[in-house]
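These notes concern the structure reproduced below.
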Amino acid sequence: MSFLEINNLDIQYKTRKETINASVDVTFNLERGEILGIVGESGSGKSTVANAIINLIDKPGKITNGSIKLDNIECCNNEKIIQTIRGKKIGFVFQDPQTSLNPLFKIKDQLIETIQTHLKLNYYDAKKRSIELLQEVGIENPEKRINEYPHQFSGGMRQRVVIALALCCEPDLIIADEPTTSLDVSIQFQILKLLKDLTVQRNLGVILITHDMGVIAETTNRVVVMRYGKIVEQGNTAEVLSNPQSSECKSLVMSVPPTNKKIERFKLISPEGGEITNKSSTLTNSIIQNWAVREISNEKLLDFKNITKIFDEQLFFRSKKEINKLKALDNVSFQIIEGESFGLVGESGSGKSTIAKIITSLIKPTSGEVFFEDLSLHNPKNIKIKNKYRGQIQMIFQDPYSSLNPRFKVKEIIAEPIKFLQKGIGNNAIQKNINDLIDIVGMTRQSLERYPHEFSGGQRQRISIARALATRPRLLICDEPTSALDVSIQAQILNLLKDLQEELNLTILFISHDLPVVRQMCDRIAVLRNGNLCEVEKTENLFNNPKHNYTKELLRLMPKIESIYS
Amino acid sequence: MISEVINKIINNDIGYSFVKSKIAVISTIVFLTILICSTFAELIAPYNPFDPVNVSLLDAFTPPVWVDGGSTNFVLGTDQQGRDMLSTIIYGSRISLIVGFASILFAMSLGTFLGVTSGFFGGRYEIIVMRFTDVQLTIPSILMALLVDGIARGFISKSLHNDMAIYVLIFAIGISEWPQFARVTRAATLVEKNKEYILASKIIGLSNFLIMFKHILPNILRPVLVIATIGLALAIITESTLSFLGVGVPPTTPSLGTLIRFGNDFLFSGEWWITFFPVIFLVVLALSINLLGDWMRDTLNPKLKTR
Amino acid sequence: MVNYFFIRLIQSVLVMLVVAFVAFSLFNYVGDPVHNMVGQEASTEKREEIREKLGLNDPVHTQFLRFVGNAVKGEFGLSYQLRRPVSDLIAERLPATLELVFISALIAIVSGVVLGVYTGINRDGFLSNIILILSLFGVSLPTFVIGILFIYLFSVILGILPSFGRGEVVDLGFWNTGFLTLSGIKAIILPSITLSLFQMTYIIRLVRAEMMEILQTDYIKFARARGIEKNTINFKHALKNGLIPVITIAGINVGTLIAFSIITETVFQWPGMGFLFINAVHFVDIPIMSAYLIMVAFIFVMINFIVDITYYIIDPRIRIKEEVSPE
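Residue numbers (the working numbering), protein chains in the order written: chain A, 1 to 566; chain B, 567 to 873; chain C, 874 to 1200.
Structure below.
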């Protein structure tokens, strides 16, 4: 008999239009001392199952069938029993440390309150225990920090506090729902290590929910793979990932960017089993003719020279120490050669987005110059000439849900840059352009008449790409274009970008925090940290022989799906 | 064609919600009825009570038709000068509605313009506009309207003031309502401004003006509509209050508030209907608008959706 | 901390100066002060004499400074219509208005918050729905209508409460109060309920919206996941977070009450400042208007300041700047 047994769990959401099956016949077990991963793409039902275990499913969702047994006590859908278990036998860790803690209460109060709810301890004992807990999760100086408020802790530290709160009543089961998704790679590594240590030290059963295969490979003992509410495969992590049996799982594993080599394209199979080909078969000769693809000159296209950017106007009010904090970029220089794919990698706050905004003239640098083909972009004298160059630099963004105007039809969105930059262009020409563009990104002509909200994240990114390409840009900046997408969709979009670059001779600046993705997409890579450029190197050299310490750290800490082989 | 449109409305989330909510439908019907009646007052009201030809003191103080002494000529009775209550109410509601709509339109235009531009451009301009908004928001609309009206009275001579009273009133109420719009539109603009489709437009080189009015404005209309509807009810109530206090529309073109003031004198002497019916009408009007605004706020608010 | 208050203090002073300027302009440029004082028959020499005496020929900034100086001392000149010092008039009537506003504020804020919290927590309950429907009525009924209806019901038909005036008033030197006599207490019941109704319904709806939003946040969800009891969550966690916007509302509320007291005082013929003001608007009695303006602005500014102080005490995010400790 297992520590946790879930059998035939069915969860449904009844909306006015339809009934959504969030989970169908879900069955799995968990033992003490092991970490079970639940992995799946968005909409797979992983979070719903976790919420079901503690009976906190949002309306109109309901558990319609099934059994959940913890230590042989049936607690499915039974609020009375769950009330006694929540916090005491089961600890829950949510995804976003920013919003998980009540901003108006000190950490001390939140800990002590939880402890006193479940354990019969007086105030001083509870406080003592809280301090011990903070020590255990790795917070330095806990006697002092316990009196602070949540906003005084950084993201990673806050998540540690959340874990402490989940542990404070000595639970046996911990459920962590995407606990490290919003954290930087280095902090993610520490938090996952903490979880692994705690599992062993306290003999806990841990359910770790994530969409990141690398995390699964490095952290979990067993894994459950879900898709559309059903379990498609489960078993020992190493076995499932190295030798997936079901086509859905195979498709998932194949989409993960390898960390140890560069491949030409992702070989994709659809979850139903067939192979997905995306290449040039959609690009007809006529499109390439129309587009008069440029010759590559292999010359310097972009020269980013000594750029410093400080975000603050009232400089003279602040001390030198504070100026350093607000320095988004510090004397950064690099060059992009025409036709190449240049990667920019860094964690949050490194300045990567700032660079993108400076190149596209959304922000002005505090000092330094940016040359696009020998034209200084920020020199006020060049404003008139600059208009000629508009459209030659284009950008696609991270969030597919805010990158398209919800009030415009797709055809209007794509046509807008064309109409704006080529005033006087006839309607027929515009229509032809739009048709070509929607074909190139692999979507149907009917999509043109629809609105953004009718499309999924991946499809919206394709529309964004079509819009960006509408002005025949020479430099395409991709700012975390796939970070918000599921792994299988990411693979498709990355394939598309590779194809487009080849066919249209595009120069790409690829910005991401995700090292494996950057390895697949780029010829050369620049590593950024806190506004400083650490190194610029050819991709293979960077990964096989990193020179800067920070790069070495990043490579060491990134979760690798290949770790199952070691 | 029409069945297509109707199908589209019902399938649309908002349309469905509307048709399903009995309250929304009823209040819209009531509101539209009042609106139509007052617009076509000349055709609908049994008399024109402000044409002295129709009015005779002999008819004064006639009670409603279901009370002893009532007459079918005057279904809701007459007032102290012999004017038919039903007619005065219909004409009066027209004035109330005109002032209400005009002042809200004024407030909406001014407030939206200031809100969108200050949210978009930021900097000192935004700080100044927001200070104004903050300060004005602490001053209740009644006071603001009274102030503007009082100042106007000081500047304009009495006879001219009578003619201009309606415009002064519209201006006064409009000035007191614009901060609501400014605050909401600024907050919404700040949210939209950072969205990536706006960045995409900036990169192409669209002018600020184009971005604000072609891209941002259509996307922030929902909260504006909610505030406009609720503001309309508030404007009508404010106008009636000012007229009741004697500083609103001139007595020659009475609104519902003025009528209530007229009738107040007779409340204790037994002619209750002269006050009562305008009161009911005013409350029904305000209530229907508020119900509609309430429904709009619940439907159009993305945060309170239950999947 | 000093920074926080200093800025706000400066802002308050600036606002007062602006208001003073508006009041001053009213005084000097709307209508002719001399004309209003002596009427039409006075000769030109007499007018000149009076102009000199009043200092109306001095440069604008001197006049303004004099005006501000006087205002600080509480001197606003003589009422055009009543020919009495404005400061006396205000001193007589201020207690009436303040007592009325105080009771109404108490009623509106307390019942508003209590009912708002209740309807926020029990979203779909039967009682909640009734309260909400009634609150909708409250927002649609203008204050004067409520007043009239109350008078009709309680004075005319039932005859148990007075329909006008303040009842017997006890003079305490600088203050006169109606709280110490039975007739005074009876007299304040209807006006205060009338005045509070509109605001109460507004507060109910706002507090309800706040509570509903807070109850859907992550930290509430996390508290439930930790097994914290429902009542504790509702009344300790949610409420404390909900208090912050409620404080602003309460602050603005008192201001609104003062404004709406104008209406209530008119309907109930309550001898307060609002009644005074309305008559002043009718007769274009500038000294009273400008004095009222300054008094009210002063009260608003004070309330804002108190609200800011309360924010500071309650919300630690304002008190303690974000310090990000190194990992």
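For every residue, glycine included, the Cβ atom is placed at its ideal position computed from N, Cα and C.
Keep in mind it's a predicted model, so treat the numbers as computed, not measured.
Exercise for review: Pair every Cβ in the region 216-229 of chain A with every Cβ in the region 18-34 of chain A, then say whether three or more of these pairs are closer than 8 Å.
Suggested key: yes
Point to revise | Given 8 Å, three or more beta-carbon pairs between the region 468-484 of chain A and the region 407-422 of chain A | key: yes
Review point. Taking one C-beta from the region 745-753 of chain B and one from the region 341-349 of chain A each time, how about it: are there three or more such pairs within less than 8 Å?
Key: no
Practice item. Rounded to whole angstroms, what's the CA-CA distance from Thr220 (chain A) to Leu36 (chain A)? Just pull it up for me. Key: 6 Å
Practice item. Measuring only between beta-carbons, confirm whether Ser456 (chain A) sits less than 8 Å from chain C. Key: no
Point to revise | Bridge-paired residues (DSSP) for Asp1181 (chain C) | key: Bridge partners of Asp1181 (chain C): none, in fact.
Review point. How many Å lie between Phe3 (chain A) and Asn72 (chain A) at the Cα?
Key: 7 Å
Practice item. Assign Arg460 (chain A) to one of two classes, buried (16 or more other C-beta atoms within 10 Å of its C-beta) or exposed (fewer than that). Key: buried
Check your understanding: Mind listing which residues of the region 1113-1126 of chain C have their C-beta closer than 7 Å to chain A's C-betas, in chain order?
Key -> Lys1113 and Asn1114
Review point. Does any C-beta atom of chain B lie closer than 8 Å to the C-beta of Asp10 (chain A)?
Key: no
Exercise for review: Below 9 Å between beta carbons is the criterion; list the residues of the region 812-826 of chain B that meet it against any residue of chain C, in chain order.
Suggested key: Gly812, Val813, Gly823 and Ile826
Review point. How close, in whole Å, do the beta carbons of Ser653 (chain B) and Pro612 (chain B) come, if the pair is a contact with beta carbons under 8 Å?
Key: 6 Å
Check your understanding: Who pairs with Phe13 (chain A) in a beta bridge, going by DSSP?
Key -> Here residue 13 (chain A) is Tyr; the residue named in the question, Phe, does not match the sequence. DSSP lists A:Ile20 and A:Gly61 as partners of Tyr13 (chain A).
Point to revise | Where the alpha helix (DSSP H) containing Thr1139 (chain C) begins and where it ends | key: Leu1112 to Phe1141
Check your understanding: Would Arg690 (chain B) be called buried (16 or more neighbouring beta carbons within 10 Å of its own) or exposed?
Key -> exposed
Review point. What's the C-alpha gap between Lys242 (chain A) and Tyr565 (chain A)?
Key: Per the sequence presented here, residue 242 (chain A) reads as Ser, with Lys not at that position. Their backbone Cα atoms lie some 8 Å apart in a straight line.
Exercise for review: Answer with yes or no whether the minimum CB distance from Asn774 (chain B) to chain A is below 8 Å.
Suggested key: no
Review point. What residues in its chain sit with their C-beta under 8 Å from that of Glu553 (chain A), if we drop five residues either side in the sequence?
Key: Ser186
Review point. Can you pull the DSSP bridge partners for Lys128 (chain A)?
Key: Lys128 (chain A) is not bridged to any residue.
**Study point:** Among C:Gly1020, C:Thr1016, C:Pro1144 and C:Ser1163, the one whose alpha carbon lies nearest that of Phe1071 (chain C)
**Key:** C:Thr1016
**Study point:** The beta strand (DSSP E) enclosing Ala583 (chain A), as first and last residue numbers
**Key:** Since the first and last residues shown for chain A are 1 and 566, residue 583 (chain A) lies out of range.
Review point. Do Leu362 (chain A) and Lys761 (chain B) have their C-beta atoms closer together than 8 Å?
Key: no
Check your understanding: Hey, would you say Phe897 (chain C) sits closer than 8 Å to Ile1159 (chain C), going by beta carbons?
Key -> no
Check your understanding: How should Lys267 (chain A) be labelled, buried or exposed, when 16 other C-beta atoms within 10 angstroms of its C-beta is the threshold for buried?
Key -> exposed
Check your understanding: Listed in chain order, which residues of the region 98-130 of chain A have Cβ atoms closer than 9 Å to some Cβ of chain C?
Key -> Gln98, Thr99, Ser100, Leu101, Asn102, Pro103, Leu104, Phe105, Lys106, Gln110, Glu113, Thr114, Thr117 and His118
Practice item. Compile a chain-ordered list of the residues in the region 752-785 of chain B whose CB is closer than 7 Å to at least one CB of chain A. Key: Lys761, Glu762, Tyr763, Leu765, Ala766, Lys768, Ile769, Ile770, Gly771, Leu772, His781, Pro784 and Asn785
Exercise for review: Take Ile589 (chain B) and list the residues in its own chain whose beta-carbon comes closer than 6 Å to its own, dropping the five residues that flank it on each side.
Suggested key: Leu857
**Study point:** Residues in the region 365-394 of chain A having any Cβ partner in chain C nearer than 9 Å
**Key:** none
Exercise for review: Might you give, ordered along the chain, the residues of its own chain that have their beta carbon closer than 7 Å to the beta carbon of Thr872 (chain B), omitting 5 neighbours on each side?
Suggested key: Per-residue confidence for Thr872 (chain B) stands at a pLDDT of 36, beneath the threshold of 50, marking its modelled position as unreliable; the derived number appears in the next sentence. Result list for Thr872 (chain B): empty, nothing under 7 Å.
Point to revise | C-beta neighbour in chain D for Asn620 (chain B), strict 8 Å | key: In summary, chain D is missing from the structure at hand, where the protein chains are A, B and C.
Point to revise | Cβ-Cβ separation, Ile782 (chain B) to Ile770 (chain B) (assumed contact under 8 Å), whole Å | key: Contact flag wrong, Cβ pair sits at about 15 Å.
Practice item. Could you tell me which of A:Leu119, A:Tyr13 and A:Lys432 sits nearest to Pro171 (chain A), measuring between CA atoms? Key: A:Leu119
Practice item. Could you name the residues of the same chain whose beta carbon sits closer than 8 Å to that of Ser707 (chain B), not counting the 5 residues immediately before and after it, in chain order? Key: Ile739, Ser742, Glu743, Leu800 and Thr804
Practice item. Determine, using beta-carbon pairs with one atom in the region 206-223 of chain A and one in the region 162-182 of chain A, whether at least three such pairs fall under 8 Å. Key: yes
Review point. How far does the beta strand (DSSP E) with Leu509 (chain A) in it reach, from first residue to last?
Key: Thr507 to Ser512
Practice item. Measure from the C-beta of Gly1032 (chain C) to each C-beta in chain A and report whether the shortest distance is under 8 Å. Key: no
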